[in-house]
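*Asks:* Supplied in structure tokens, the structure appears directly below.
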């Protein structure tokens with residue numbers, strides 16, 4: 003009998019703790035003794051890649067061995083995840099893990115791995131909020147006005163986001179599900195840039211994108227923000243309300259962290275977790291994540307396991323409700 007996602011992931015987080023104490027101490031003293039790679043499932047330059055590189059740089063400085071990022075884009079991060087699942091569980095191949103893999107667990111019917119079972123949580127790193135933005139000429143200026151306009155004009159609003167099955171896409175589908183409005187989804191390749199260009203040009207009416215991608219356009223008045231997607235207001239945009247303030251219970255954001263192949267020794271996971279949490283508390287690291295629009299998200303491996311399990315369950319419901327299929 004299969005265990006629920008939450009229990010499976012938490013067991014992986016704690017399972018290796020049964021190793022003999024001598025083994026744990028020896029591995030902690032010798033790791034790392036050679037370069038470590040962090041496999042990222044998207045190309046260079048996007049927020050997950052940048053966060054992974056910040057973490058890699060920090061770990062390199064703290065642990066005395068190179069931590070490098072290896073970009074292996076394709077299949078919605080599944081290529082990267084599969085590579086790490088198949089790697090030797092010795093701590094020298096890690097995965098940039100988070101919302102994408104949690105979404106894929108339901109989005110893809112057939113995968114060569116089971117993310118919950120095959121990847122052990124190491125540490126959460128960042129929560130990346132989104133913002134719902136419209137062209138300044140759009141008649142709605144608030145979330146209630148937007149909902150009212152959408153209900154009065156069903157199927158006439160085009161919503162853009164960077165790709166089918168991405169977290170911003172599902173954030174929009176969750177908004178539709180919780181408000182009962184009808185919008186057309188327009189997927190864009192190449193990140194948020196093309197979607198925002200068309201939004202400013204009037205080809206689409208609304209977009210849900212990361213704060214990092216949209217903040218300068220918001221500040222310059224080229225786009226009007228209606229709300230952020232987190233449950234509390236952002237330090238970066240304190241005057242912008244949250245969707246939650248008008249739609250109680252709404253929350254959507256990108257979750258980033260580090261995972262490792264199943265059966266990676268607990269001592270190695272704890273070493274990495276400790277150093278990553280130390281980095282997330284560093285003022286320089288916090289400032290750089292803040293510039294990306296992200297919020298540091300320290301915690302234990304079990305904490306990350308709980309977050310991933312919750313994301314898997316949440317987005318699974320949205321995918322099934324909306325009938326979303328991968329590209």
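Residue numbers (my numbering): 3 to 329.
All residues carry an ideal CB built from backbone N, CA and C; glycine is no exception.
Under DSSP, the alpha helix (DSSP H) around residue 290 begins and ends at which residues?
*Replies:* Taking the first residue of the chain shown as position 1, residue 290 is located at position 288. Element bounds for residue 290: 285-293.
*Asks:* If contacts are defined as beta-carbon pairs under 8 Å, then residue 193 and residue 48 qualify, I think. What distance do you get, rounded to the angstrom?
*Replies:* Start at 1 with the first residue of the chain shown, and residue 193 comes out as number 191. Start at 1 with the first residue of the chain shown, and residue 48 comes out as number 46. Sure, about 6 Å apart at Cβ, within 8 Å.
*Asks:* When you compare each of 58, 100, 90 and 224 to residue 43 by their alpha carbons, which one comes out closest?
*Replies:* Locating residue 43 in the chain shown gives position 41, where the first residue counts as 1. Nearest option by C-alpha distance: 100.
*Asks:* Which first and last residues belong to the beta strand (DSSP E) in which residue 181 is found?
*Replies:* Taking the first residue of the chain shown as 1, we reach residue 181 at position 179. No beta strand (DSSP E) contains residue 181, which is instead part of the alpha helix (DSSP H) from 169-181.
*Asks:* Alpha carbon to alpha carbon, how far is residue 78 from residue 269? Give it in angstroms, no decimals.
*Replies:* Position 267 of the chain shown, counted from the start, is the residue given in the question as residue 269. Position 76 of the chain shown, counted from the start, is the residue given in the question as residue 78. Roughly 31 Å separates the two Cα atoms.
*Asks:* Going by Cα to Cα distance, which pick from 41, 222 and 317 is closest to residue 75?
*Replies:* On the chain shown, residue 75 is found 73 positions in, with the first residue counted as 1. For the residues 41, 222 and 317, the minimum Cα distance to residue 75 belongs to 41.
*Asks:* Which parts of the region 140-226 are runs of the alpha helix (DSSP H), unbroken and 4 residues or longer, counting only runs that do not cross its ends?
*Replies:* Counting only runs of at least 4 residues, the region 140-226 fully encloses the following alpha helix (DSSP H) elements, listed from N- to C-terminal order: 145-154, 169-181, 194-203 and 213-221.
*Asks:* By how many angstroms is the C-alpha of residue 58 removed from the C-alpha of residue 67?
*Replies:* Here residue 67 is taken as the residue at index 65 of the chain shown, counted from 1. Here residue 58 is taken as the residue at index 56 of the chain shown, counted from 1. Whole-angstrom Cα-Cα distance: 10 Å.
*Asks:* If residue 211 and residue 135 are in contact, beta carbons under 8 Å, what's the gap, nearest whole angstrom?
*Replies:* Position 209 of the chain shown, counted from the start, is the residue given in the question as residue 211. Position 133 of the chain shown, counted from the start, is the residue given in the question as residue 135. The Cβ separation is near 7 Å, so the contact holds.
*Asks:* Restricting to runs no shorter than 3 residues, where is the beta strand (DSSP E) found entirely within the region 33-107?
*Replies:* 38-42, 69-73 and 95-100
*Asks:* Looking at residue 184: is its Cβ nearer than 9 Å to the Cβ of residue 146?
*Replies:* The residue you call residue 184 lines up with position 182 of the chain shown. The residue you call residue 146 lines up with position 144 of the chain shown. No, the Cβ-Cβ distance between residue 184 and residue 146 is not below 9 Å.
*Asks:* Please list, in chain order, all residues of the same chain as residue 55 whose beta carbon is under 6 Å from its beta carbon, the five residues on each side excluded.
*Replies:* Here the question's residue 55 lines up with position 53 in the chain shown. Contacts found: 71.
*Asks:* What residues in its chain sit with their C-beta under 8 Å from that of residue 3, if we drop five residues either side in the sequence?
*Replies:* The sequence position of residue 3 within the chain shown is 1, counting from 1. Note that residue 3 scores 36 on pLDDT, short of 50, meaning its location in the model is unreliable; the coordinates nonetheless yield the value given after this. Short of 8 Å from the beta carbon of residue 3, and not among the five residues preceding or following it, lies no beta carbon of its own chain.
*Asks:* For residue 93, I'd like the list of residues in its chain whose CB is within less than 6 Å of its CB, leaving aside the five on either flank, ordered along the chain.
*Replies:* Here the question's residue 93 lines up with position 91 in the chain shown. So the qualifying residues of the chain are 33, 266 and 270.
*Asks:* Pick helix, strand or coil for residue 136, following the three-state DSSP scheme.
*Replies:* As a first step, residue 136 is located in the chain shown; it is residue number 134 there, counting from the start. Three-state result, residue 136: strand.
*Asks:* Quick check: what's the CA-CA separation for residue 231 versus residue 144?
*Replies:* Locating residue 231 in the chain shown gives position 229, where the first residue counts as 1. Locating residue 144 in the chain shown gives position 142, where the first residue counts as 1. Rounded to the nearest angstrom, the two C-alpha atoms are 14 Å apart.
*Asks:* On the DSSP bridge assignment, give the partners of residue 298 in chain order.
*Replies:* Here residue 298 refers to the residue found at position 296 when the chain shown is read from its first residue. Its beta-bridge partners are 128.
*Asks:* What is the DSSP secondary structure of residue 117, reduced to helix, strand or coil?
*Replies:* Residue numbering aside, residue 117 sits at position 115 when the chain shown is read from its first letter. Looking at residue 117 - three-state DSSP - the assignment turns out to be helix.
*Asks:* Please look up how many angstroms separate the CB atoms of residue 186 and residue 202, rounded, as I've assumed it's under 8 Å.
*Replies:* Locating residue 186 in the chain shown gives position 184, counting from the first residue. Locating residue 202 in the chain shown gives position 200, counting from the first residue. Not a contact, Cβ separation roughly 18 Å.
*Asks:* Under the three-state reduction of DSSP, which class applies to residue 325: helix, strand or coil?
*Replies:* In the chain shown, residue 325 corresponds to position 323, counting from 1. Looking at residue 325 - three-state DSSP - the assignment turns out to be coil, as it is neither helix nor strand.
*Asks:* Checking the sheet assignment: what are the DSSP bridge partners for residue 258?
*Replies:* Locating residue 258 in the chain shown gives position 256, counting from the first residue. 100 and 128.
*Asks:* Do residue 263 and residue 278 have their C-beta atoms within less than 9 Å of each other?
*Replies:* As a position in the chain shown, residue 263 is number 261, starting the count at 1. As a position in the chain shown, residue 278 is number 276, starting the count at 1. No; because the gap between Cβ atoms is not below 9 Å, this pair is not in contact.
*Asks:* Distance check for residue 62 and residue 280, CA to CA, integer angstroms please.
*Replies:* By one-based count along the chain shown, residue 280 stands at place 278. By one-based count along the chain shown, residue 62 stands at place 60. Approximately 13 Å between the Cα atoms of the pair.
*Asks:* Taking residue 81 as the reference, give the member of 251, 69 and 110 with the closest Cα.
*Replies:* Indexing the chain shown from 1 puts residue 81 at position 79. When only C-alpha atoms are compared, the closest one is 110.
*Asks:* Starting from the Cα of residue 132, find the closest Cα among 45, 234, 39 and 259 and give me that residue.
*Replies:* For the purposes of this step, residue 132 is taken as the residue at position 130 of the chain shown. Answer by Cα proximity: 234.
*Asks:* Who are the Cβ neighbours of residue 181 in its own chain at under 8 Å, not counting the five residues just before and after it?
*Replies:* Looking up residue 181 in the chain shown gives position 179. Excluding positions up to five away in sequence, the list reads 149, 152 and 249.
*Asks:* Could you check if residue 84 is buried or exposed, using at least 16 other CB atoms within 10 Å of its CB as the buried criterion?
*Replies:* Here residue 84 corresponds to residue number 82 of the chain shown, with the count starting at 1. It counts as buried.
*Asks:* For the candidate residues 252, 228, 257 and 253, whose alpha-carbon lies nearest to that of residue 243?
*Replies:* Locating residue 243 in the chain shown gives position 241, where the first residue counts as 1. Taking only the C-alpha atoms, the option nearest residue 243 is 228.
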